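K.L.:
I am attaching a structure below and will ask some questions about it afterwards.
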Amino acid sequence: MNCELCHQDGGDILYRDDKLRVILVADADYPAFCRVIWHAHVKEMTDLAPADRAHVLDWVLRTERALRDVLNPDKINLASFGNMVPHLHWHVIPRFADDKHFPNPLWGAAMRDGVAHSTPTLAAQLRHALQAG
Numbered sequence: 032m033n034c035e036l037c038h039q040d041g042g043d044i045l046y047r048d049d050k051l052r053v054i055l056v057a058d059a060d061y062p063a064f065c066r067v068i069w070h071a072h073v074k075e076m077t078d079l080a081p082a083d084r085a086h087v088l089d090w091v092l093r094t095e096r097a098l099r100d101v102l103n104p105d106k107i108n109l110a111s112f113g114n115m116v117p118h119l120h121w122h123v124i125p126r127f128a129d130d131k132h133f134p135n136p137l138w139g140a141a142m143r144d145g146v147a148h149s150t151p152t153l154a155a156q157l158r159h160a161l162q163a164g
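Everything in the sequence shown is counted per my numbering, starting at 32 for the first residue and increasing by one.
So this is what it looks like as structure tokens:
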């Protein structure tokens, strides 16, 4: 199987346990873009047992809370597509009124040059917020 989420971390690890990891994606326009990635190769939430579904959703919401606490974005976008990479993962994306695509989705046409919201210690701040979460 040639699944990129099975064979690489996918970004800077903010949290990891035996079932999932939370990563900070390397995206210059969206430096606080996170993903919650289920380790086992499954495609859909309904492939998981109820306790595992609750676990992944808990970490999606913890990630949302950490991003809100650290960056105070205008909005958080949550998405689980898996169309290009059919491996269960959630996108947790802080959005700002002055970002490149707002109010459109990141995958649409850019509206402006945009501001990339970050801090020099973003990863450390998010790790701390996730641990406290």
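Backbone N, C-alpha and C fix where the C-beta goes; we use that ideal spot for every residue, glycine too. Remember, it's a predicted structure, so these values are computed and weren't measured experimentally.
Nearest by alpha-carbon distance to D144: which of R96, D129, T150 and Y46 is it?
P.N.:
D129
K.L.:
Using alpha carbons as the reference points, say which of V67, G42 and E95 lies closest to G164.
P.N.:
E95
K.L.:
In chain order, what residues of the same chain lie with their CB nearer than 7 Å to the CB of L36, ignoring the 5 residues before and after it?
P.N.:
I68, V116, H118 and H120
K.L.:
Can at least three beta-carbon pairs, one atom from the region 134 to 144 and one from the region 65 to 80, be found at a separation below 8 Å?
P.N.:
no
K.L.:
Under three-state DSSP, which class holds W90?
P.N.:
helix
K.L.:
Helix, strand or coil, according to DSSP, for L43 in the structure here?
P.N.:
One detail in the question is off: residue 43 reads as Asp in this sequence, not Leu. Residue state, collapsed to three classes: strand.
K.L.:
Using DSSP with H/G/I as helix, E/B as strand and the rest coil, what is V67?
P.N.:
strand
K.L.:
Less than 9 Å between the C-beta atoms of R93 and K106, yes or no?
P.N.:
no
K.L.:
Please report the straight-line C-alpha distance between R99 and R84, rounded to a whole angstrom.
P.N.:
23 Å
K.L.:
Classify P134 as buried or exposed, calling it buried when 16 or more other Cβ atoms lie within 10 Å of its own Cβ.
P.N.:
exposed
K.L.:
Report the option in L153, Q156 and V146 whose CA atom is closest to the CA atom of D60.
P.N.:
V146 is the residue among L153, Q156 and V146 whose C-alpha sits nearest the C-alpha of D60.
K.L.:
Applying the criterion that 16 or more other CB atoms from any shown protein chain within 10 Å of the CB defines a buried residue, is P151 buried or exposed?
P.N.:
exposed
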